[in-house]
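Number of protein chains: 2
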Amino acid sequence: MSARNTDTKEEILRIGKQFIQYYGYNAFSYADIARELNIKNAAVHYHFRGKEDLLMALVDNYIENYQAIAKQLKNSKMGAIGKLDKFIEPYTNLCESDSICIIGSIASDYNTLPESVKEKITYLIELVMGMVEQTLSEGKKKGELQFKESARTQALLIMTNLAAGVQLARISGKKDYDSIRKALIRQLKM
Amino acid sequence: MSARNTDTKEEILRIGKQFIQYYGYNAFSYADIARELNIKNAAVHYHFRGKEDLLMALVDNYIENYQAIAKQLKNSKMGAIGKLDKFIEPYTNLCESDSICIIGSIASDYNTLPESVKEKITYLIELVMGMVEQTLSEGKKKGELQFKESARTQALLIMTNLAAGVQLARISGKKDYDSIRKALIRQLKM
DNA sequence: CAAAATACTTACTTATTAGTAAGTAACTCT
DNA sequence: AGAGTTACTTACTAATAAGTAAGTATTTTG
Chain A
1 MSARNTDTKE EILRIGKQFI QYYGYNAFSY ADIARELNIK NAAVHYHFRG
51 KEDLLMALVD NYIENYQAIA KQLKNSKMGA IGKLDKFIEP YTNLCESDSI
101 CIIGSIASDY NTLPESVKEK ITYLIELVMG MVEQTLSEGK KKGELQFKES
151 ARTQALLIMT NLAAGVQLAR ISGKKDYDSI RKALIRQLKM
Chain B
1 MSARNTDTKE EILRIGKQFI QYYGYNAFSY ADIARELNIK NAAVHYHFRG
51 KEDLLMALVD NYIENYQAIA KQLKNSKMGA IGKLDKFIEP YTNLCESDSI
101 CIIGSIASDY NTLPESVKEK ITYLIELVMG MVEQTLSEGK KKGELQFKES
151 ARTQALLIMT NLAAGVQLAR ISGKKDYDSI RKALIRQLKM
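These protein sequence lines are chains A and B, in that order. Anchor point for the first sequence: position 95 equals 95 in our numbering, and the numbering is continuous, going up by one each time. Anchor point for the second sequence: position 39 equals 39 in our numbering, and the numbering is continuous, going up by one each time.
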């Protein structure tokens with residue numbers, strides 16, 4: 001046992017992300033991660049000094065991810081609806097596994113988190129908001145989308161529909177999430 | 001010390017509600033409640049055998065509350081916009097204290113909760129949903145409101161906007177919540 | 001091939017968690 | 001006035017939490 005393993009760190013991040021989205025930040029422990037990966041909790045501490053550091057790393061991952069997506073969308077010839085679909089897709093997947101988005105999960109535990117994480121999550125939200133806002137603005141200019149609010153407000157409406165949509169789906173079922181998702185797109189198209 | 005106190009039970013419920021909305025169900029303990037009320041944690045156990053029982057009682061409180069509101073609205077001559085404003089008001093107040101609604105809080109911790117609570121929260125959501133749906137339907141029939149989705153879907157859109165709106169406000173500020181709230185009403189009026 | 005770095009495990013600590021059993025003071029009822 | 005009942009406190013338990021120090025096996029590097 002215990003041959004050197006180069007991707008334990010990534011596995012910890014993977015499980016950590018899963019746990020945050022499934023149970024919430026305050027409802028899983030390093031012992032839970034260790035059990036899942038058949039290692040000892042000290043091994044988790046070796047890769048991430050504390051839970052706070054793990055969360056920071058996770059948020060960093062999301063930031064990098066969304067930065068990459070933002071770049072892709074910028075250079076893409078995809079239509080606005082297509083871009084929005086790409087944005088919505090991950091939420092639909094979360095729904096399938098009874099999980100919620102990291103922003104919603106962190107928002108719920110927000111008052112128990114260290115300042116460092118709070119700052120980083122603020123940045124992540126602005127990043128995501130900016131992306132959606134931009135997509136909406138462009139889509140409107142090109143006549144692909146229509147909405148009456150400012151792009152910022154419309155982006156807020158969409159993000160809150162999705163974030164709480166996956167939360168609600170846990171309780172009242174996936175049908176409700178689907179209704180929300182379809183209504184969202186329909187209203188932007190008409 | 002320790003004169004008989006008849007409203008400790010209600011005080012526990014009050015603080016419990018506060019903690020759930022501010023920290024989340026998994027981020028406060030009976031010791032926290034005891035400290036806040038200057039009693040011992042065993043006293044909290046005296047009134048509510050376990051945390052699960054406390055949560056159940058809290059959800060029961062919400063159910064009674066919303067049943068009372070539903071009855072009021074039914075017999076009220078208030079316009080649909082007025083009724084919606086009454087519904088939205090508590091969310092705005094939550095925002096002021098950096099708190100989130102109990103449904104959002106419970107949804108986030110959903111996968112860590114006992115079955116009994118899950119069932120009860122499902123009932124609470126249907127109750128609230130029914131109320132909003134009803135208000136929307138009536139308002140549309142009377143020409144006070146306009147929307148293109150079904151009343152159920154429109155209610156879902158509004159509830160998710162509000163629930164995630166207060167969550168988002170924690171991170172990106174109350175202005176975003178206000179934008180959402182105003183847009184919501186504006187769209188229904190036009 | 002030896003030293004250093006890496007990726008862990010073993011074995012622990014300290015704090016906090018939910019929860020309980022037994023005792024006690026004050027009030028209520030008869 | 002005495003017997004319950006209520007509303008607690010005192011004093012614990014067992015489990016789990018985050019975290020650490022020291023040791024070990026494997027791999028990389030000079």
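For every residue, glycine included, the Cβ atom is placed at its ideal position computed from N, Cα and C.
Residue from the options with nearest C-alpha to residue i
| i | options | result |
| --- | --- | --- |
| LEU73(B) | LYS118(B), VAL128(B) and SER97(B) | VAL128(B) |
| ASP98(A) | LEU168(A), LEU37(A), GLN67(A) and GLU11(A) | LEU168(A) |
| THR122(B) | TYR62(B), THR92(B), GLN134(B) and THR8(B) | TYR62(B) |
| LYS189(B) | GLU96(B), ALA80(B) and SER105(B) | ALA80(B) |
| MET131(A) | LEU84(A), GLU36(A) and ILE180(A) | LEU84(A) |
| CYS95(B) | ARG181(B), GLN134(B), ILE185(B) and MET78(B) | ARG181(B) |
| GLU138(A) | LEU124(A), MET78(A), LEU58(A) and LYS9(A) | MET78(A) |
| GLU119(A) | SER179(A), GLU52(A), ILE20(A) and GLY82(A) | GLU52(A) |
| TYR66(B) | LEU54(B), LYS86(B), GLU115(B) and HIS47(B) | LYS86(B) |
Neighbour-count burial assignment, residue i, 16 or more Cβ in a 10 Å radius
| i | result |
| --- | --- |
| GLN146(A) | exposed |
| MET1(B) | Below a pLDDT of 50, predicted positions are generally treated as unreliable, and MET1(B), at 35, falls in that range; no measurement from the model is reported. |
| ALA3(A) | Residue placement at ALA3(A) is poorly supported in this model, since its pLDDT is 48, which falls under 50; the coordinates are not used for a value here. |
| GLY165(B) | buried |
| ASN161(A) | buried |
| LYS141(A) | exposed |
| ARG49(A) | exposed |
| THR6(A) | exposed |
| ALA183(B) | buried |
| GLU42(A) | The sequence given here has Ala at residue 42(A), not Glu. Burial call: exposed. |
| ALA151(A) | buried |
| GLU126(A) | exposed |
| GLU105(A) | For the record, residue 105(A) in the displayed sequence is Ser; it is not Glu. Result: buried. |
| LEU187(B) | Here the sequence assigns Gln to residue 187(B), which means Leu is not the residue at that position. Classification of GLN187(B): buried, given that the 10 Å Cβ count is 16 or more. |
| field | Any 3 or more C-beta pairs closer than 8 angstroms across the stretch 106 to 113 of chain B and the stretch 20 to 27 of chain A | value | yes
| message | Short of 8 angstroms Cβ to Cβ, which residues in the stretch 4 to 18 of chain B face chain A? | response | none
| Would you call the stretch 167 to 181 of chain B and the stretch 147 to 158 of chain B touching, i.e. three or more CB-CB distances under 8 angstroms? | no
| What residues in the stretch 114 to 137 of chain B have a beta carbon less than 7 angstroms from any beta carbon of chain A? | ILE121, THR122 and ILE125
| task | Anything in the stretch 161 to 184 of chain A with a Cβ closer than 7 angstroms to a Cβ of chain B? List those residues in chain order, please. | result | ASN161, ALA163, ALA164, GLY165, GLN167, LEU168, ARG170, ILE171, SER172, ASP176, SER179, ILE180 and ALA183
| said: Is it the case that the stretch 29 to 39 of chain A contacts the stretch 7 to 21 of chain A, given that we only count it when at least three CB pairs across the two stretches are under 8 angstroms? | reply: yes
| field | Residues in the stretch 89 to 113 of chain B having any Cβ partner in chain A nearer than 7 angstroms | value | ASP98, ILE100, GLY104, SER105, ALA107, SER108, ASP109, TYR110, ASN111 and THR112
| query | Using a Cβ cut-off of 9 angstroms, which residues of the stretch 140 to 156 of chain A contact any Cβ in chain B, in chain order? | reply | Sequence-ordered contacts of the stretch 140 to 156 of chain A with chain B read LYS148, GLU149, SER150, ARG152, THR153, GLN154 and LEU156 [C-beta pairs closer than 9 angstroms].
| Interface residues of the stretch 17 to 38 of chain A facing chain B [CB-CB below 7 angstroms] | Taking 7 angstroms as the upper bound on Cβ-Cβ separation, chain B lies near residues TYR22, TYR23, GLY24, ASN26 and ALA27 of the stretch 17 to 38 of chain A.
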